[in-house]
Amino acid sequence: MNSILYLYCTTFRNRIRQALHKPVTYVYLAIALLYLVMLPYSFRILLREWEMDSAEGMAAVFTAFAFWVIPSNLISYAKRKGMVYRLSDVHFLFPAPVGFKWILLYTFLKTLPAYLVLNFLLAAGGCYVFGVVWWKMLVYFLFSIFLENILEGSIMVLLYGSERMDQKARDILVKASYALMGVIVALGVGAYLKERLSFQAVLYFLHSDQVQMIPFVGWYAAVVHLLFLGPTKVNVACSILYFVLFACLLAAAARMRCSGEFFEDAMKFADDYEEVLSSRLQGRTDLRLGKKKKLGKAYVKYRGKGARAIFYRQLLEYKKQRFFIFDINTVVSLAAGCIISYLYLFEDGFGSFNDFIVPAAMAYVVLIFTGFSGKWGKEIRTPYTFLIPDYAFRKLVYATAMQVFQAFANAWVFVLPPALSMRLPFSTVAFTVAGYVLLYACKLYVLVVVEVAVGNVLGRVGKQFFQLFLMGLIIGFAAFGAVLGFVFGGIPAAYGLMLFVLAGMLVILLTISTLCFYRMETVNR
Amino acid sequence: MLEVIDLSKKYGKIQAVDHVSFCVPDGTVGILLGPNGTGKSTVIKSITGLVRYTGQIRIQGIPSRELAARRIFAYVPEIPSLYDMLTVREHMEFIIRAYGVRAQEGEVDALLARFELLDKQDKLGSELSKGMMQKVSICAALLINPQVILLDEPMVGLDPAAIKELKQVVLELKARGATVLISTHMLEMVKELWDVTFVMNEGHILGSYTRQQVGNEDLEELFFAVTGQAKEAADACAQGCAATDVGLQGGAAADACPQGTGIGAGGR
Chain V
96 MNSILYLYCT
106 TFRNRIRQAL
116 HKPVTYVYLA
126 IALLYLVMLP
136 YSFRILLREW
146 EMDSAEGMAA
156 VFTAFAFWVI
166 PSNLISYAKR
176 KGMVYRLSDV
186 HFLFPAPVGF
196 KWILLYTFLK
206 TLPAYLVLNF
216 LLAAGGCYVF
226 GVVWWKMLVY
236 FLFSIFLENI
246 LEGSIMVLLY
256 GSERMDQKAR
266 DILVKASYAL
276 MGVIVALGVG
286 AYLKERLSFQ
296 AVLYFLHSDQ
306 VQMIPFVGWY
316 AAVVHLLFLG
326 PTKVNVACSI
336 LYFVLFACLL
346 AAAARMRCSG
356 EFFEDAMKFA
366 DDYEEVLSSR
376 LQGRTDLRLG
386 KKKKLGKAYV
396 KYRGKGARAI
406 FYRQLLEYKK
416 QRFFIFDINT
426 VVSLAAGCII
436 SYLYLFEDGF
446 GSFNDFIVPA
456 AMAYVVLIFT
466 GFSGKWGKEI
476 RTPYTFLIPD
486 YAFRKLVYAT
496 AMQVFQAFAN
506 AWVFVLPPAL
516 SMRLPFSTVA
526 FTVAGYVLLY
536 ACKLYVLVVV
546 EVAVGNVLGR
556 VGKQFFQLFL
566 MGLIIGFAAF
576 GAVLGFVFGG
586 IPAAYGLMLF
596 VLAGMLVILL
606 TISTLCFYRM
616 ETVNR
Chain W
16 MLEVIDLSKK
26 YGKIQAVDHV
36 SFCVPDGTVG
46 ILLGPNGTGK
56 STVIKSITGL
66 VRYTGQIRIQ
76 GIPSRELAAR
86 RIFAYVPEIP
96 SLYDMLTVRE
106 HMEFIIRAYG
116 VRAQEGEVDA
126 LLARFELLDK
136 QDKLGSELSK
146 GMMQKVSICA
156 ALLINPQVIL
166 LDEPMVGLDP
176 AAIKELKQVV
186 LELKARGATV
196 LISTHMLEMV
206 KELWDVTFVM
216 NEGHILGSYT
226 RQQVGNEDLE
236 ELFFAVTGQA
246 KEAADACAQG
256 CAATDVGLQG
266 GAAADACPQG
276 TGIGAGGR
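Chains V and W supply the protein sequences, listed in that same order. Per my numbering, the first sequence starts with residue 96, numbered consecutively. Per my numbering, the second sequence starts with residue 16, numbered consecutively.
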């Protein structure tokens, strides 16, 4: 216990100290502060509009939240996932003579600071947004910090640490939790549809006695109702059941035998977590936590030599993937295209901005995904790319060619739904696709420029901000070109000038990034 | 003493380790040898308690999962993973608290100085090179004053001075009666250290050999002789001959911990 507390407190203290030394922390804090000021104000207006700015509203929100969070936590504990162990824990903590349950609770404790902050904000929000009296929110705060955490910790120990529960029992529990979530969502949707799409019907459903009678999750809702809305026969009875359950689970967790069999799953999870974490830091989005990437068998015939080998190697990698070049970017493109179509067809469209909404949305998507550089981000970090005996320009082009092709495919996925719904002329569609591809190529080459210009000065986040700044400039220039073209020659000129500006930018960037790439392989290596 | 008795481990349908038994007595340096993918890592992870297994593992006669066993057992993994947010010194402090070590004043300093870490003691784990991390990992293991220590490829990433120091440490541990088990492919580095070697292949112990048995034979030659022999036997079996227990042919004993010598290994 002593060592666990030491590890926890020292890590926390050093993390805070290190964060305070980074300028980006203050940027994040400023953004968080801005949200903290803006969000409650907006929520208050929204809740007033929905007639939810009351203690009833607060109880409904907590009930809905509980039905979402509690089963999903049960699922992750039963699957022995969701507890974030690092490889350092596997190295130092797992073999140490520390109680196995304490090792379980250590990871659980890691979430405590975030939980404290969240609950404090909820308590403050409860007073300001929902107008609940302060002492009730204080009681809720204490209840959630102490009782809820102890209860969840007990459940976590019982599920994650259990050595009696076999895989079959775990699977049943997972399925039952999914079923519970499904039933509640279905009942809620049913109430919404039955009462002629009335939001009040959903609120009525969340406050119903039947909901509070559902074991565990419902009993939690009963405690919340008792606190915020006063006693009823049902919520008092179910609250008693909640506290009985609390005592039973705590006693069971304390008595349960645990000899560390969970280490094997925790170690696997730690391996996966480190892998996904490092891939995210490299700007890749293809790896998912807890899901092993399945690769098929594929073959490519290498044609040509030198830098072309990079292109064929990437092609082989893509061919081995389940969905070839289609990935999360494709999903985002499709979703964005569908949303534009929906807004156009069912929500009055975009007025005079109709002709430019697709390229504007595309630019926005490229901008927000600036930090995700995909294969290219990995390529410029591996020495093998630099060791290939070929010209820097050829290497740059061949190493990015597959991603440019990917951008071309994603552009069509993006543009097709709005093209069909808005009946866009083919020329506009083609220009839009070309614009997306040019902008995406610019994004790839900006990465090299940033790496050489500020790679040794700024950290990962700083570099991403600089990348974002440069991409913002490029988009700004392209938009300026489009406006200028529109003023002097209408829509065709707007698209034409926008493409001209983007193409010009790409040529400039390609030249600079070739020089930068050359510098990276000769000086920085 | 480290006893591994009838250890088996399956990953899904793959039998990684199949009824492996061996024993390393007090004051003995054991070497675990075997080609890649033969189950050495699984044996190590089982001893450390990181994987579920069938069979028994005892440290000084205590089941390895018990706290009393873990208190006297140290482990140096192949790839060190330090806490990003703990300094070198804080890693040592954590070990002192976790293992209840009564470190004498200056003991930690002496240990860090021995591995040239004293000037790095305020560096965070994330700021160290791989070699430095390995040194911290070794220091943390030594700080425990272990009765049984398991070193998995401990020399990878170390500079020559650190390798020399580690060899000296192993000899000191042996001299004070500790059990040392080293898994390594760097046979040249352990040639003057070992007392008994266990050769593994395809999840089995093919044989165990003491230094006295082998005489002047080089570990490397022994390794190739044993694993080559295994291949011949496998080829012979593939051709339909009667099964040959290679482990017993090449090895010293079939029981995990035979009486008398205190050294032994059992295969399938």
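Even for Gly, the Cβ is constructed at its ideal location relative to N, Cα and C.
Beta-carbon contacts of residue i that lie in its chain and below 8 Å, excluding the five residues immediately before and after
i	result
V:F575	V596
W:P78	Q71, I72 and A84
V:M276	F162, W163, P166 and S167
W:V66	K24, T57 and K60
Exposure of residue i, with buried meaning 16 or more beta-carbon neighbours within 10 Å
i	result
V:W314	buried
W:E203	exposed
W:T63	buried
V:Y130	exposed
V:K396	exposed
W:G255	Only weak support is given to the placement of W:G255: the predicted model assigns it a pLDDT of 46, under 50, and the value that follows is read from those uncertain coordinates. Answer is exposed; the Cβ neighbour count stays below 16.
Beta-bridge partners of residue i, as assigned by DSSP
i	result
W:Q30	W:K25
W:M215	W:I220
W:T194	W:V163
W:Y90	W:L165
W:Q71	W:I20
V:I111	Per DSSP, none; premise fails for V:I111.
W:L47	W:S198 and W:F213
Cutoff 6 Å; reference residue i; Cβ partners in own chain excluding five residues on either side
i	result
V:Q562	T465, V541 and V545
V:E258	E356
W:I178	M170
V:S272	P166, L169 and I170
V:V119	V556
Pairwise C-alpha distance: residue j and residue i
i	j	result
W:L221	W:T57	16 Å
V:F421	W:Q136	48 Å
V:A525	V:M517	15 Å
W:Y68	V:V269	25 Å
V:L372	V:A589	42 Å
W:N160	W:G42	14 Å
V:K289	V:Y299	12 Å
V:N214	V:A125	20 Å
V:F448	V:Y368	44 Å
V:R614	W:L188	51 Å
V:V122	W:I111	39 Å
V:A159	V:L301	7 Å
W:V107	W:L133	Note that residue 107 of chain W is Met in the sequence shown here, rather than Val. About 12 Å.
V:L411	V:D485	20 Å
V:V426	V:D450	23 Å
Cβ of residue i within 8 Å of any chain W Cβ
i	result
V:A191	yes
V:F203	no
V:V185	yes
V:S257	no
V:F358	yes
V:N109	yes
V:M362	yes
V:G355	yes
V:L102	yes
V:N97	yes
V:T106	yes
V:L344	no
Beta carbon proximity, residue i to chain V, threshold 8 Å
i	result
W:L82	yes
W:G255	Its pLDDT being 46, under 50, W:G255 is placed unreliably by the model, and nothing is read from it.
W:P95	yes
W:R191	no
W:L17	no
W:A118	no
W:Y224	no
W:E108	yes
W:I20	no
W:F88	yes
Close-in-space but distant-in-sequence residues of the same chain around residue i (CB under 7 Å, 5 per side omitted)
i	result
V:V227	A150, M153, G221 and F323
V:K538	V461, T465 and M566
W:Q274	Here the model assigns W:Q274 a pLDDT of 47, short of 50, so the residue's position is not dependable, and the following value carries that caveat. So the list is empty, once near-sequence residues are dropped.
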